[in-house]
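Okay, so here's the structure we're looking at.
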Amino acid sequence: MTAPREPFFPADRSIRASQEALEIRHLGRMDYQQAWDLQAELAAQRAKGERGDIILVVEHPNIYTAGKRTQPEDMPDNGLPVITVDRGGRITWHGEGQLVVYPILKLAEPVDVVDYVRRLEEAIIQTVRELGVRTAGRIDGRSGVWVPSTTQATDPQAPKRDRKIAALGIRITRGVTMHGLALNCTNTLEYYEHIVACGIDDADVTTLSLELGRDVTMEEAATPLLDALQRALSGELTVADHTFGSAPDPIKVANEKARQKRAQSAE
Numbered sequence: 001m002t003a004p005r006e007p008f009f010p011a012d013r014s015i016r017a018s019q020e021a022l023e024i025r026h027l028g029r030m031d032y033q034q035a036w037d038l039q040a041e042l043a044a045q046r047a048k049g050e051r052g053d054i055i056l057v058v059e060h061p062n063i064y065t066a067g068k069r070t071q072p073e074d075m076p077d078n079g080l081p082v083i084t085v086d087r088g089g090r091i092t093w094h095g096e097g098q099l100v101v102y103p104i105l106k107l108a109e110p111v112d113v114v115d116y117v118r119r120l121e122e123a124i125i126q127t128v129r130e131l132g133v134r135t136a137g138r139i140d141g142r143s144g145v146w147v148p149s150t151t152q153a154t155d156p157q158a159p160k161r162d163r164k165i166a167a168l169g170i171r172i173t174r175g176v177t178m179h180g181l182a183l184n185c186t187n188t189l190e191y192y193e194h195i196v197a198c199g200i201d202d203a204d205v206t207t208l209s210l211e212l213g214r215d216v217t218m219e220e221a222a223t224p225l226l227d228a229l230q231r232a233l234s235g236e237l238t239v240a241d242h243t244f245g246s247a248p249d250p251i252k253v254a255n256e257k258a259r260q261k262r263a264q265s266a267e
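Under the UniProt record's numbering, the first residue of the sequence shown is numbered 1, with each subsequent residue one higher.
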């Protein structure tokens with residue numbers, strides 16, 4: 001894998017090893033484990049050259065998935081099942097009303113993980129902005145796509161802090177991608193209240209529907225997202241710097257939490 005280049009750069013070439021047309025497969029609602037098994041099967045076939053690139057589009061029944069960096073304090077307290085998975089990141093929720101996309105792609109050599117992640121983010125940003133959330137962008141030091149606290153959502157029930165509208169979590173093995181992105185459309189935020197989503201406790205989560213004050217269905221979001229994703233992967237969509245903030249220094253955060261814990265113990 002190559003060393004990271006500048007954080008943002010024009011996507012002037014395809015990131016895929018193949019230039020054949022992408023297959024898009026809509027799975028409807030599917031159990032997470034079943035979809036994960038399907039991903040693994042397709043990724044193995046792609047690594048062997050037995051099939052081409054494919055993008056899976058799916059909605060899952062309510063489930064938590066815990067990535068490699070999940071900490072004990074992140075775990076849910078509501079009894080909903082948790083599946084430990086082989087992607088990066090920490091714990092998140094998948095469920096009804098959330099659009100999930102899994103690209104199973106053979107990446108061009110040399111594999112550039114930063115480039116791939118930036119292209120996924122860019123596709124989401126373009127989609128969310130096209131749908132009406134004009135200020136969506138990135139927070140330096142945090143993956144996914146965010147809406148800044150300075151933007152007031154149409155629905156007064158929406159969170160007020162910086163808030164994540166789409167999450168990313170990937171795995172690349174033998175140059176083939178698995179897992180992908182989840183865009184919040186009409187889903188409830190209830191299940192996020194029982195975890196430390198993605199290990200972040202100083203920001204919130206939102207949905208397209210809350211931000212825009214109307215139901216934005218998965219079907220409405222899927223069409224522009226899949227179009228933007230294909231353009232981002234092919235190099236037609238420029239990856240731009242949409243950063244509007246930075247994550248707090250993790251060392252300072254850890255030190256402050258330790259200080260607060262000591263203070264509580266001394267009381």
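Don't be surprised by glycine CBs; every beta carbon is placed ideally from N, CA and C.
CB contact flag (residue i, residue j, <8 Å)
{"i": "Pro-103", "j": "Gly-213", "result": "no"}
{"i": "Gly-89", "j": "Gly-67", "result": "yes"}
{"i": "Ala-47", "j": "Val-239", "result": "no"}
{"i": "Arg-87", "j": "Gly-169", "result": "yes"}
{"i": "Tyr-64", "j": "Ile-195", "result": "yes"}
{"i": "Gln-33", "j": "Ile-83", "result": "yes"}
{"i": "Thr-206", "j": "Ala-153", "result": "yes"}
{"i": "Thr-243", "j": "Arg-138", "result": "yes"}
{"i": "Leu-80", "j": "Tyr-192", "result": "no"}
Residue closest to residue i, alpha-carbon to alpha-carbon, out of the options
{"i": "Arg-51", "options": "Asp-77, Lys-106, Ala-232 and Tyr-192", "result": "Lys-106"}
{"i": "Ile-172", "options": "Ser-18, Val-117 and Leu-225", "result": "Val-117"}
{"i": "Arg-129", "options": "Val-113, Thr-151, Ser-246 and Ser-143", "result": "Thr-151"}
{"i": "residue 342", "options": "Asp-53, Cys-185, Gly-28 and Arg-134", "result": "Within the shown structure, residues of the chain are numbered from 1 to 267, placing residue 342 beyond reach of any answer."}
{"i": "Thr-135", "options": "Leu-27, Leu-208 and Ala-167", "result": "Leu-208"}
{"i": "Asp-155", "options": "Asp-215, Tyr-191 and Leu-210", "result": "Leu-210"}
{"i": "Met-178", "options": "Asp-37, Glu-73 and Leu-189", "result": "Asp-37"}
{"i": "Gly-245", "options": "Glu-73, Arg-163, Pro-72 and Leu-189", "result": "Arg-163"}
CA-to-CA distance, residue j to residue i, given in whole angstroms
{"i": "Ile-124", "j": "Asn-78", "result": "30 Å"}
{"i": "Ile-55", "j": "Asp-140", "result": "27 Å"}
{"i": "Gln-157", "j": "Pro-110", "result": "45 Å"}
{"i": "Val-58", "j": "Asp-31", "result": "9 Å"}
{"i": "Asp-12", "j": "Pro-148", "result": "29 Å"}
{"i": "Glu-41", "j": "Ala-182", "result": "21 Å"}
{"i": "Glu-23", "j": "Trp-146", "result": "28 Å"}
{"i": "Ala-228", "j": "Gln-126", "result": "7 Å"}
{"i": "Gly-28", "j": "Arg-69", "result": "29 Å"}
{"i": "Pro-159", "j": "Asp-204", "result": "6 Å"}
{"i": "Asp-241", "j": "Glu-122", "result": "9 Å"}
{"i": "Thr-92", "j": "Val-100", "result": "12 Å"}
{"i": "Val-85", "j": "Ala-108", "result": "25 Å"}
{"i": "His-60", "j": "Pro-76", "result": "18 Å"}
{"i": "Ala-35", "j": "Asn-62", "result": "14 Å"}
{"i": "Asp-215", "j": "Leu-189", "result": "14 Å"}
{"i": "Asp-115", "j": "Glu-73", "result": "31 Å"}
{"i": "Ala-20", "j": "Ala-167", "result": "Sequence check: residue 20 is Glu here, not Ala. Between Glu-20 and Ala-167, the C-alpha separation is close to 28 Å."}
{"i": "Gly-235", "j": "Gln-71", "result": "36 Å"}
{"i": "Val-133", "j": "Ala-43", "result": "33 Å"}
{"i": "Val-113", "j": "Gly-49", "result": "21 Å"}
Nearest-angstrom Cβ-Cβ length linking residue i and residue j, presumed shorter than 8 Å
{"i": "Leu-131", "j": "Ala-221", "result": "7 Å"}
{"i": "Ser-18", "j": "Leu-233", "result": "That belief does not hold up - the Cβ atoms of Ser-18 and Leu-233 are roughly 11 Å apart, past 8 Å."}
{"i": "Asn-187", "j": "Gln-45", "result": "No, Asn-187 and Gln-45 are not in contact; Cβ-Cβ is about 31 Å, not under 8 Å."}
{"i": "Arg-142", "j": "Ala-247", "result": "5 Å"}
{"i": "Arg-25", "j": "Asp-53", "result": "Not really, about 11 Å apart at Cβ, beyond 8 Å."}
{"i": "Leu-225", "j": "Arg-231", "result": "Incorrect: roughly 11 Å between the Cβ atoms, too far for contact."}
In the stretch 143-169, which residue ranges form an unbroken alpha helix (DSSP H) of at least 4 residues, counting only runs that do not cross its ends?
Counting only runs of 4 or more, we get nothing.
Within the stretch 1-57, ranges of the alpha helix (DSSP H) (whole runs, at least 4 residues)
Correct list: 32-47.
At which residue ranges does the stretch 70-119 contain complete beta strand (DSSP E) runs of 3 or more residues, listed in the order of the chain?
The stretch 70-119 contains these whole beta strand (DSSP E) runs: 82-84, 91-94 and 98-104.
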